[in-house]
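To start, the structure itself, in structure tokens.
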Amino acid sequence: MVQQSGTGVALTGCGSAIPAQVLSNHDLSQVVDTSDEWIADRTGIRQRRLADPTTSLSQLAVTAAQSAITMAGIQPIDIDLIILATSSPDDLFGTAAKVQAELGATRAAAFDLTAACSGFVFGLVNAAQFIRTGAYETVLLIGADMLSRWVDWDDRRTCVLFGDGAGAVVLQANEPDRLLGFELRSDGSLNRSLTLSAQPQPKVLTADVIAAQGSYQPIVMDGREVYRFAVQRVPEVIEKALHRAGYSIGQVDWLLLHQANQRILDAIAQRLKIPTEKVISNLANYGNTSAASIPLALDEAVRQGKIRPGDTIAASGFGAGLSWGATLFQWGR
Ligand code: COA
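In our numbering, the protein residues as written are 684 to 1016.
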């Protein structure tokens, strides 16, 4: 750890991990009343990966993190802070510390960050602040989710959308600063449109005191409202992040959106007048992996040689909260 000020930030490594089990749209049509045609037409999703009961979120997070650490050319001991963006931790008290121990990142503080499908973007901005103040030099950011644990497998309106996965990036102090601009937003008045909420049951303790206990209700979503929200609000934050950076749309090499739905990706790109070939999309294979989707798509594109060092990326996450945010950054040092 160095104590200096005015430090810039660079993303120097990425990695990802997916569970082995594949559930195709055809497989899903044996679970609920749906079809490959309906799902592919409305969402672009063809299959998703699902964790089996023996696979933990921390296992996926560690695997993704290890490959990001290798790409960055650092050691786990170099990491000052680990942020695990997730809405499906192994443990509600937090899973980041378990990841820290499994990685052997013994110097690192670690915490979970919950911002649903915006978690990676919120985490990226969060991580950057610790570096910019000079407090930390190296931060590991992981986005990991297993929403298969929390969907209602009888609800065809939601269970077809989600998949499990993890992605990670290493952020390091760097000159010049590669994080060019950002904008984060929340609107809790729309909270009801996408929830995974506690469902407490009364537990009578004494004649005067009743506690509340229970589990979580599976995911409930108003699909149309979420669709409208994403298509309207995401272009605004991308434009804001660009404005802050002094960049124009034409200078964006890649649009890297939360991989929720191909129709949402297409509509946002169209509104921003960004051509299809600049839009990163891998949701056909993974569905919506929540906080994992952006780093998973980033990792694939980097390893395919599509995204190259110096490329300018507009990344935006959006989802439950409701929350949404965008960052503009250049890949690599
Ligand atoms: N298979 C077959 N039919 C289905 C279905 C499925 N998996 N899910 C819903 N339907 C049916 C509905 O029951 C409805 O039938 P009805 O007209 O007989 O009542 C019909 O399809 C239309 O449903 P609707 O919910 O209006 O569809 P839609 O065009 O809005 O598409 C989504 C549904 C979920 C694909 C779309 O709203 C969407 O993409 N929303 C955003 C969701 C999202 O990305 N959330 C996560 C953000 S982080």
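Note that beta-carbon positions come from the ideal geometry of N, C-alpha and C, so glycine has one too.
Keep in mind that this is a model prediction, so the values were computed, not measured.
- Closest in C-alpha terms to A881, from the list R732, L823, L786 and Y899, comes Y899.
- Not one heavy atom of the ligand COA falls within 7 Å of the beta-carbon of T769.
- Residue range L740 to A755 is occupied by the alpha helix (DSSP H) that includes Q749.
- Straight through space, the alpha carbons of G802 and V692 are spaced by roughly 19 Å.
- For a cut-off of 8 Å, the C-beta gap from A974 to S831 is around 14 Å, too long to register as a contact.
- DSSP, reduced to helix, strand and coil, places F803 within a helical segment of the structure shown.
- Shown here for A943: same chain residues with a beta carbon closer than 6 Å to its own, the five before and five after excluded, namely N971 in chain order.
- Counting other Cβ atoms within 10 Å of its Cβ, R907 stays below 16 and is therefore classed as exposed.
- Under DSSP, S699 forms a beta bridge with G850.
- Counting every other CB atom within 10 Å of its CB across the protein chains shown gives I963 a total of 16 or more, marking it as buried.
- Going by C-alpha positions, W836 is about 29 Å away from E983.
- Here A827 is bridged, per DSSP, to A849.
- The C-beta distance from V920 to E866 rounds to 4 Å, short enough to fall under 8 Å.
- Q704 is the residue among L824, K989 and Q704 whose C-alpha sits nearest the C-alpha of G846.
- Following the DSSP letters along the chain, one finds F794 in no alpha helix (DSSP H) but inside the beta strand (DSSP E) bounded by residues A792 to L796.
- Rounded to the nearest angstrom, the gap between the Cα atoms of P901 and A849 is 21 Å.
- Distances taken from the Cβ of G906 to the heavy atoms of the ligand COA include one shorter than 7 Å.
- T959 sits in a helix when the DSSP states are folded into three classes.
- Within the same chain, Cβ atoms closer than 6 Å to the Cβ of V985 are found at C697, the five residues on either side in sequence being excluded.
- Between S750 and V852, the alpha-carbon positions lie close to 9 Å from each other.
- The C-alpha of W721 lies about 9 Å from the C-alpha of N708.
- Restricting attention to A950, G1002 and A792, the CA atom closest to the CA of G777 is found in A792.
- If you draw a 10 Å sphere on the C-beta of Q855, you find 16 or more other C-beta atoms in it, and that means buried.
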